[in-house]
Structure formats: structure tokens, C-alpha cells
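Here's the structure, in C-alpha cells; my notes come after.
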Amino acid sequence: MNSDNQKKRPIILGNWKMNKSLKEGVQYARSLKAAIAGKSGIICGICPPYVFLKDICAVLEGSTICVSAQNMHSEASGAFTGEIAAPMLKEVGCSHVLVGHSERRHIFGEDDFFINDKIKKAISFELVPILCIGETLEEREAGNTKDVVLRQLKNGLRGVGIEVIKCIIIAYEPVWAIGTGRTASPEQANEVHSFIRTILSEDYGKDIAKKLSIIYGGSVKADNTGALIHQPEIDGLLVGGASLELESFLTIIEVLQGVDF
Ligand code: PGA
9 MNSDNQKKRP IILGNWKMNK SLKEGVQYAR SLKAAIAGKS GIICGICPPY VFLKDICAVL
69 EGSTICVSAQ NMHSEASGAF TGEIAAPMLK EVGCSHVLVG HSERRHIFGE DDFFINDKIK
129 KAISFELVPI LCIGETLEER EAGNTKDVVL RQLKNGLRGV GIEVIKCIII AYEPVWAIGT
189 GRTASPEQAN EVHSFIRTIL SEDYGKDIAK KLSIIYGGSV KADNTGALIH QPEIDGLLVG
249 GASLELESFL TIIEVLQGVD F
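All the letters of the sequence shown, read from the start, carry residue numbers 9 to 269 under our numbering.
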């Protein structure tokens, strides 16, 4: 995913979370590869569970489909039982990694500082980090959406210099919209994306901020894809539940391909 491209291609990422068997995952990857062969208008990726990554990277070799891990540790090696490090992901063929997904923040208690260390480590191993940020329902209802997003963005990117910021993708995923069937309205999502771009613009300059991809996640489905992606500040989608069935993921991809960017 290259933010230097003149025209940003829309990004579509499927986050499988803790789902599928290895056999199902490999079959899905094969079929996805065949289905999008030769289609260059979009950037497509999948985020399988750790233990499938090597096999799936092998299946997708030679295709344009990116493989992203769902998480990583902030250290490159060491006594961290049960954890996975950036060079390991790189070695098996991943190009991307989700960092700070709301399920990591809220179920596993990851904080902004740990997330920031992961972001810097991912970049140092030439993995593209997808920094996930977003407010809870309580925070939105209390009118704190922008404060939360600002804090997560600033802390997550602390120490990330202008020379490497272009390697990063930001994913805005309101927690209340994840897996709930309750999507942010296109206008609500666009408003927060616009706010994020303003912050990036203040910190890194307008030109750089314009080129960065800010993608939306939270109950994305084929029937809301068109409206979301037509918003000027939404550069792509991070899809959980609706990416699990290949047919449904392909329908979303088709909608994206029909949009003139
Ligand atoms: P969802 O998940 O599409 O099932 O809401 C999105 C995500 O968690 O990335």
C-alpha cells in the first residue's frame, strides 16, 4: 500500500479475528486470489489468525493481495510467552499488521503506550501498521469522541517522524459499531475521518495528511459500502463479520470497484 501514489486506491481489508480452520482459510485465500486476479483498482488484504499466516502467504504469493497479522508484540524477541514479534511476521510473508484493534484495547487491556511501541517496532521491520482508533458508546454519548480519537492518535503516533508516517494506515473503528450491526452513518464516520486528517495535517503537513489512508471499520456490509466509500475522507474499509464468507467479501469488493475515485 503506497501512499505516494498520485491517486489513492481504496483499501479493503478483511479481519477474520479468531475464526476459520486452516483448511477453510487456505481455500478462501485461493478463491480470493482467483477472483481478484488482474483487478488493479483497489488494494485488498486479509488478516488471518497467526497460525494460518505462513500457509496463506504461500497461497497468495505472486498476487496483489496483502496479508496482515491481527496483532504483534512491541519487542522484537524475548521472554514473552505466547507472543509474536514483528520479524516473525515479516519472515512468514506478512506485509501489514493491525495495531490497537479495539478488541485488543478493551478485552486485553492494551494501552496507548504499548500500542505506540508496537507501531514503531512494526515500522522498523518494514511492516505497515494499521493503527486502529475509536470511541466507545459511552464516550460518544458523553460527547467525548474527538477527545478520545485525538488522544489515541497522538499517543499512538508519538515519536513517529515525518519520514515514516507515510507507511501508516489509520483505521477509525467506533467500538459501538464493531460486530453490533450498528454502523456509524456515512456522515458520522466522515466527520471523524476529517477530524483525524486535520490532526495529521497539523502534525505532518497538509500534503502528507492528504496522502494518508484513513479507513473505516464497524459493521461494514455490502449494502452500506457504497455510501461509506463515497464520503470524501473515507479511503477504505476494514471489514470483520462480513469478510468471513468469501461471497460477501467479494460483493463488497465489487461495490468498491464500481466507484469512481
Ligand atoms: P465488524 O468488525 O465488521 O464485524 O464490525 C470490524 C473490525 O473489528 O475490524
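Cβ atoms here follow ideal geometry from the backbone N, Cα and C, with glycine treated the same way. Bear in mind the structure is a predicted one, so any value in this text is a computation, not a measurement.
- Between I223 and G244 the beta-carbon gap is near 4 Å, inside 8 Å, which marks them as a contact.
- For I141, the uninterrupted beta strand (DSSP E) run begins and ends at V136 to I141, by DSSP.
- Contact between the segment 64-78 and the segment 95-104 is established, with three or more Cβ pairs separated by less than 8 Å.
- Shortest gap from the CB of G90 to any heavy atom of the ligand PGA: 6 Å or more.
- Linking D120 to V263 through their CA atoms gives a straight-line distance of about 34 Å.
- In this structure, the alpha-carbon of S29 lies about 19 Å from that of L21.
- Within 6 Å of the C-beta of S221 there is not a single heavy atom belonging to the ligand PGA.
- Relative to the ligand PGA, the beta carbon of L68 is positioned no closer than 6 Å to any heavy atom.
- Nearest C-alpha to L145 among L106, R17, L246 and S110: S110.
- Between I204 and I170, the gap from beta carbon to beta carbon reaches 7 Å or more.
- Relative to the non-hydrogen atoms of the ligand PGA, the Cβ of V75 never comes closer than 6 Å to any of them.
- Taken in chain order, the whole alpha helix (DSSP H) runs of length 4 or more contained in the segment 21-51 are 30-44.
- Your pair A77 and L106 checks out as a contact, with CB atoms roughly 7 Å apart and the cut at 8 Å.
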